[in-house]
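Below: one structure, written as structure tokens.
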Amino acid sequence: MPGLAGRMSTVMKAKISRLLDRSEDPGETLDYGYQKQVEHLQQVKKGIADVVTSKKRLQMQSQKLEQQVVKLDTQARQALSQGREDLARAALERKSVAQTELQSLDQQVNELEAQQEQLTQAEQKLRGKIEAFRTKKEVIKAQYSAAEAQVKISEAATGVGEEMADVGLAIQRAEDKTEQMRARGAAVEELEAAGTFEDLTQLGPPQDDIDRELSQLGSGAQVDDELAKMKTELGSGEGDKPALGEGREGA
Amino acid sequence: MIVRISGEGQFELPDEDSERLNELDNRAVNAVEQGDETGFRELWTQMLELVASDGNALPGDELVESDVILPPRDISFDEAKGEFSGEGLIPD
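Chain order of the listed sequences is A and B.
1336 is the number of the first residue of the first sequence in my numbering; add one for each residue after it.
2 is the number of the first residue of the second sequence in my numbering; add one for each residue after it.
Given below as structure tokens:
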């Protein structure tokens, strides 16, 4: 049997036939098989819970970034109204980086949401199969001779085994994806740790390393546009405030 | 013939379809070997469509083994390189 899930189900089949060889009593094998299936279902639930945890973590990160975007925008306005165009530009550059990260985070949250939905459906399907196995198990115990029972057990267990392998594969893929997302999340945290989104009023003169890097990130044109727009907005209502241009205490 | 689409479930297909599925499978292997992602996507879509149009979903309480297991619908080209190789999903 080909395919990833196929290979796994072959492993499962081998395990079951080994069990059948060892066991004198097919009824015992059936009960044991059912017990293993129920245990496996618990693992599936745990796998889904892990996806939900990852999703929540990303959601929290996204909320934090949203706040940073608002804060940096406010700071840019304040800096500009005090004539500090250099600071305003730095704030807008950071805002642009934060917005890009935010977009990618939100997209990842959506992907995880879809995966969670898919896994939940797979879990329900597996639960149905295990329930069918339980019913069949009682029929086999009651109606078949030991030799016939072996064949029936093998068939039924393989059917459930394939379903399990398939859910296992889906969880594996979800985990791989969350692993990639975790790496991406760690990159955002690094940017945060480096002070990328920090309060600009706590920074020394702009044009430190971070600022130089930020201005190289290609957001230049967008930042220019936003700065120009901000200037027009501020300029229109605050023509009588040019004296504040020198002030730094308020920053 | 019982076909499983990974992550979606099992379908019963008329036996005549196995030849058509095998042919698409072999062409998909070719496409993957030549690094032709567009070609592969087209063939992969055709395989899924064949199962969707001719297949009947098996009831949930049916405990049977599949004859063929297709990978997940959203398989990446990299993953496909592992799956669609040699004799493909369906041994010749």
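The C-beta atom is built at its ideal place from N, Cα and C for all residues, glycine as well.
All values reported here derive from a predicted model rather than from experimental measurement.
Look at residue i and residue j and say whether their C-beta atoms are less than 8 Å apart.
| i | j | result |
| --- | --- | --- |
| leucine 1400 (chain A) | leucine 1440 (chain A) | yes |
| aspartate 55 (chain B) | leucine 14 (chain B) | yes |
| valine 1386 (chain A) | leucine 1461 (chain A) | no |
| glutamate 66 (chain B) | threonine 1493 (chain A) | yes |
| leucine 1447 (chain A) | lysine 1566 (chain A) | no |
| leucine 51 (chain B) | aspartate 16 (chain B) | no |
| glycine 10 (chain B) | glycine 1463 (chain A) | no |
| phenylalanine 1468 (chain A) | glutamine 1378 (chain A) | no |
How many angstroms separate the CA atom of residue i from the CA atom of residue j?
| i | j | result |
| --- | --- | --- |
| glutamate 80 (chain B) | valine 33 (chain B) | 10 Å |
| leucine 71 (chain B) | valine 1495 (chain A) | 17 Å |
| alanine 29 (chain B) | leucine 1437 (chain A) | 38 Å |
| glycine 8 (chain B) | lysine 1472 (chain A) | 26 Å |
| isoleucine 6 (chain B) | threonine 1435 (chain A) | 36 Å |
| isoleucine 91 (chain B) | alanine 58 (chain B) | 20 Å |
| valine 69 (chain B) | phenylalanine 85 (chain B) | 13 Å |
| leucine 49 (chain B) | alanine 1505 (chain A) | 18 Å |
| glutamate 1568 (chain A) | glutamine 1557 (chain A) | 17 Å |
| arginine 1412 (chain A) | alanine 1423 (chain A) | 7 Å |
| glutamine 1394 (chain A) | lysine 1380 (chain A) | 21 Å |
| proline 1540 (chain A) | aspartate 1421 (chain A) | Here proline 1540 (chain A) scores only 49 on pLDDT, less than 50, and its place in the model is too uncertain to base an answer on. |
| valine 1404 (chain A) | glutamate 1561 (chain A) | 14 Å |
| isoleucine 1488 (chain A) | aspartate 75 (chain B) | 33 Å |
| glutamate 20 (chain B) | methionine 2 (chain B) | 11 Å |
With distance defined between alpha-carbon atoms, name the residue in the options nearest to residue i.
| i | options | result |
| --- | --- | --- |
| proline 1361 (chain A) | A:Met1395, A:Lys1476 and A:Gln1557 | A:Lys1476 |
| alanine 1457 (chain A) | A:Ala1500, A:Leu1427, A:Leu1415 and A:Tyr1479 | A:Ala1500 |
| alanine 1433 (chain A) | A:Gln1396, A:Asn1445 and A:Glu1452 | A:Gln1396 |
| glutamate 43 (chain B) | B:Phe78, B:Gly87 and B:Ile3 | B:Phe78 |
| glutamine 1443 (chain A) | A:Arg1517, A:Val1474 and A:Thr1409 | A:Arg1517 |
| glutamine 1370 (chain A) | A:Glu1466, A:Ala1509 and A:Gly1418 | A:Glu1466 |
| alanine 1426 (chain A) | A:Gln1410, A:Gly1418, A:Ser1489 and A:Gly1368 | A:Gln1410 |
Could you tell me how far apart the beta carbons of residue i and residue j are, in whole angstroms, since I believe they sit closer than 8 Å?
| i | j | result |
| --- | --- | --- |
| glutamine 1450 (chain A) | lysine 1512 (chain A) | 7 Å |
| glycine 89 (chain B) | asparagine 27 (chain B) | 6 Å |
| alanine 1491 (chain A) | leucine 64 (chain B) | 5 Å |
Output, in chain order, the set of chain C residues within a Cβ distance shorter than 7 Å of residue i.
| i | result |
| --- | --- |
| glycine 8 (chain B) | Note that chain C does not occur in the displayed structure, where the protein chains are A and B. |
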